[in-house]
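Participant:
Set out below in C-alpha cells:
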C-alpha cells in the first residue's frame, strides 16, 4: 500500500507534470485563462490517462516492442474520442471553449510519456495510481495557474466578479501572462523542493549537518 500511495503522490508533488517535469505546456498555456476551463481540461486528461494506462498495462506483454508507440497512440486516441463525444453530449459549452485542445490530448506528452515510461512496464494497479496521481497533479497545476490568471487578468473567479473597481491586468489573460505566471509558480515550487530536500539532509546528518 505504501508503494501505491507513493506512486499517487509523486505526480502531485515531486514529479508534477507541469511544475516538476514541465510537460504538456501547450494546453496549460492555452486553456488556463479561466478556472472552469482548467478543471475541464484536467478532468479530461485524467480520464484519458487512467483509461490508457489501464489498457496499456493490461496488454503490455502482447504488444511487440517494435510497434509499441503506434499501439499506444491508438489506445490513447480511443479514450480521447470517448472523452470528446461525452463532452459534446453533456458539456457542449465547455467542449467549445476547450476547442482543439481536447482532441490534441492524443499527442499530449504527459499521456504518451506515462504510457512509455510507466504503464508498459508495470502492473495494472500501479498504473492506475500513477495515472490518478499525474492527472490530479496536472489538474491542480492548471487550476492554480488559471486562478491567478483569471483573477488578475479578468477580475473574476469562476466567472463571478470580485472587488468592484478592480482594474484587470489584461496581460495575464494573454500568452505573455501565461508564461510569466507559470515561470513564477515553477520558481516557487523549485524553491520549496530545494528547502525540503535541504531540511531532510540536515535532519539525516544530525548536528554535523549544521556545521
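In the numbering used here, the protein residues as written are 811 to 1021. Every residue, glycine too, gets a C-beta built ideally from N, C-alpha and C.
Who are the Cβ neighbours of residue 885 in its own chain at under 7 Å, not counting the five residues just before and after it?
Facilitator: So the qualifying residues of the chain are 862, 865 and 866.
Participant: Among all the DSSP beta bridges, which residues are the ones paired with residue 756?
Facilitator: The structure shown does not extend to residue 756, since the chain is modelled only from 811 to 1021, so the question has no answer here.
Participant: Since residue 912 and residue 897 should fall inside the 8 Å C-beta cutoff, what is the C-beta to C-beta distance between them, to a whole number of angstroms?
Facilitator: That pair is a contact at about 6 Å.
Participant: Consider the Cβ of residue 898: report whether some Cβ of chain C lies at a distance smaller than 7 Å.
Facilitator: In the structure shown, chain C cannot be found, because there is only a single protein chain.
Participant: Mark residue 850 as exposed unless 16 or more other C-beta atoms lie within 10 angstroms of its C-beta, in which case mark it buried.
Facilitator: Result: buried.
Participant: Out of 845, 831 and 819, which one is the CA nearest neighbour of residue 964?
Facilitator: The shortest C-alpha separation from residue 964 is found at 845.
Participant: When DSSP labels each residue in this structure, what does residue 890 get in the three-state scheme?
Facilitator: Of the three classes helix, strand and coil, the one that applies to residue 890 here is helix, per DSSP.
Participant: Nearest CA to the CA of residue 948: which residue from 813, 868, 848 and 840?
Facilitator: Nearest of 813, 868, 848 and 840 to residue 948, Cα basis: 848.
Participant: Tell me which same chain residues have a C-beta within less than 7 Å of the C-beta of residue 1007, skipping the five on either side of it?
Facilitator: Excluding sequence neighbours, residue 1007 sits near nothing in its chain.
Participant: Inspect the beta-carbon positions of residue 859 and residue 944 and report whether they are closer than 7 Å.
Facilitator: Result yes, Cβ atoms of residue 859 and residue 944 sit closer than 7 Å.
Participant: Report the rounded CA-to-CA distance for residue 962 versus residue 904, giving the unit in angstroms.
Facilitator: Distance between the alpha carbons of residue 962 and residue 904 is about 22 Å.
Participant: Cβ atoms of residue 996 and residue 829: under 7 Å apart, would you say?
Facilitator: Contact flag set, yes.
Participant: Under 7 Å Cβ to Cβ from residue 878, same chain only, skipping five residues before and after it: list those, please.
Facilitator: Correct list, in chain order: 930.
Participant: If the criterion is Cβ atoms closer than 7 Å, does the pair residue 942 and residue 818 meet it?
Facilitator: Yes, Cβ-Cβ distance for residue 942 and residue 818 is below 7 Å.
Participant: Give a yes or no on whether the C-beta atoms belonging to residue 951 and residue 842 are separated by under 7 Å.
Facilitator: No, Cβ-Cβ distance for residue 951 and residue 842 is not below 7 Å.
Participant: What does the alpha-carbon distance come out to for the pair residue 915 and residue 839?
Facilitator: If you take the alpha carbons of residue 915 and residue 839, they lie about 14 Å apart.
Participant: Please classify residue 901: does DSSP put it in a helix, a strand, or coil?
Facilitator: Coil.
Participant: Please report the distance separating the alpha-carbon of residue 813 from that of residue 946.
Facilitator: Distance between the alpha carbons of residue 813 and residue 946 is about 18 Å.
Participant: Grab me the residues of residue 825's own chain with a C-beta within less than 7 Å of its C-beta, minus the 5 sequence neighbours each way, in chain order.
Facilitator: The residues are 831.
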